[in-house]
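A.B. asks: So the protein sequences, as listed, match chains A and B.
Each residue of the first sequence is one higher than the last, beginning at 92 in this note's numbering.
Each residue of the second sequence is one higher than the last, beginning at 152 in this note's numbering.
No residue lacks a Cβ here, since even glycine has one placed at the ideal position from N, Cα and C.
Bear in mind that the values here come from a model prediction, so they are computed numbers and not experimental data.
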Amino acid sequence: EADIYQTPRYLVIGTGKKITLECSQTMGHDKMYWYQQDPGMELHLIHYSYGVNSTEKGDLSSESTVSRIRTEHFPLTLESARPSHTSQYLCASSEWGLSGSGNTIYFGEGSWLTVV
Amino acid sequence: GNSVTQMEGPVTLSEEAFLTINCTYTATGYPSLFWYVQYPGEGLQLLLKATKADDKGSNKGFEATYRKETTSFHLEKGSVQVSDSAVYFCALSGADSNYQLIWGAGTKLIIKP
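1. Would you decide whether A/M118 is buried or exposed? Buried here means 16 or more other CB atoms lie within 10 Å of its CB.
2. Output yes if chain B places a C-beta closer than 8 angstroms to the C-beta of A/E170; else output no.
3. Output, in sequence order along the chain, the residues in the segment 186–220 of chain B whose CB is closer than 9 angstroms to any CB in chain A.
4. Taking Cβ-Cβ distances shorter than 9 angstroms, what residues in chain B pair up with A/I196?
5. For B/Y250, collect the residues of the same chain with a Cβ closer than 8 angstroms to its Cβ; drop the 5 residues on either side in sequence, then sort them by chain order.
6. Step through the CB atoms of chain B and report whether any lies within less than 8 angstroms of the CB of A/G199.
7. If we define contact as Cβ-Cβ less than 8 angstroms, is B/G152 a contact residue for chain A?
8. Can you give me the C-alpha to C-alpha distance between A/K109 and B/T171, rounded to a whole angstrom?
9. Would a C-beta distance cut-off of 8 angstroms place B/S223 and B/T175 closer than the cut-off?
10. Would you kindly report the start and end of the unbroken beta strand (DSSP E) that includes B/N210?
11. Just curious, the beta strand (DSSP E) that A/L167 is in, first and last residue?
12. In the structure shown, what three-state DSSP assignment does B/V233 receive?
13. Going by DSSP, which residues form a beta bridge with A/S184?
14. In this structure, what does DSSP give as the bridge partners for A/Q116?
15. Report the neighbours of B/V238 on chain A: residues whose CB is nearer than 8 angstroms to its CB, in chain order.
16. Between A/L181 and chain E, is there a C-beta pair that is closer than 8 angstroms?
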């Protein structure tokens with residue numbers, strides 16, 4: 092069982108509101124990720140982190156921002172939500188990648204965001 | 152660069168049918184290969200993985216063999232159940248992508264009773 096938690100699971104907010112999606116993991120993993128996914132569709136990496144005070148942008152441009160002040164916590168913030176941000180956001184974590192380690196990524200259950 | 156190609160879905164089968172979902176990859180060296188599954192309304196879970204050529208990953212009746220010669224990692228199950236209905240993602244991780252996971256587009260599997 093993966094110990095990675097996301098809140099809220101479901102959220103409906105109005106356009107222009109600020110929203111923070113929380114993600115916490117208790118596995119002590121250094122690497123954490125945020126993916127954006129429309130239902131049943133491809134995963135798009137939007138942010139990742141190698142460890143505390145490290146944040147990198149992923150393959151898909153996103154208006155969101157992230158922070159990594161503590162190993163276990165990797166929140167994602169949208170300063171001004173728009174309907175185009177409506178999607179599922181998946182947080183994930185893994186151990187630091189080593190050759191042959193397999194690099195298994197553990198996912199949270201996802202946060203479904205609807206912006207109206 | 153690295154890439155993963157999966158067969159397009161949806162794949163629709165009857166219960167107890169044999170399942171194959173094709174996955175081929177492009178990468179240099181010896182990447183690790185994965186299958187993840189996403190049940191409706193949930194996040195992704197690791198289904199199985201293989202870290203070197205000719206390894207076979209297996210879990211919950213699913214199997215996939217790492218074939219270096221054909222750069223493939225096809226997912227198979229001998230007898231599917233309705234509860235196997237989900238989206239299946241093939242992925243790889245290798246040194247030349249800095250061990251970031253490279254994902255396939257996903258294949259939706261629908262099993263009818």
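C.D. replies: By the coordinates alone:
1. exposed
2. no
3. Y187, Q189, P191, G192, E193, G194, L195, Q196, L197, K200, A201, T202 and K203
4. F185, Y187, L195, L197, A242, S244 and L252
5. S244
6. yes
7. no
8. When rounded, the distance between both Cα atoms is 44 angstroms.
9. yes
10. B/N210: member of the beta strand (DSSP E) spanning K207 to N210, first to last residue.
11. L167 to L169
12. helix
13. Bridge partners of A/S184: A/M123 and A/Y197.
14. A/I95
15. G131
16. In the displayed structure, chain E is absent; the protein chains listed are A and B.
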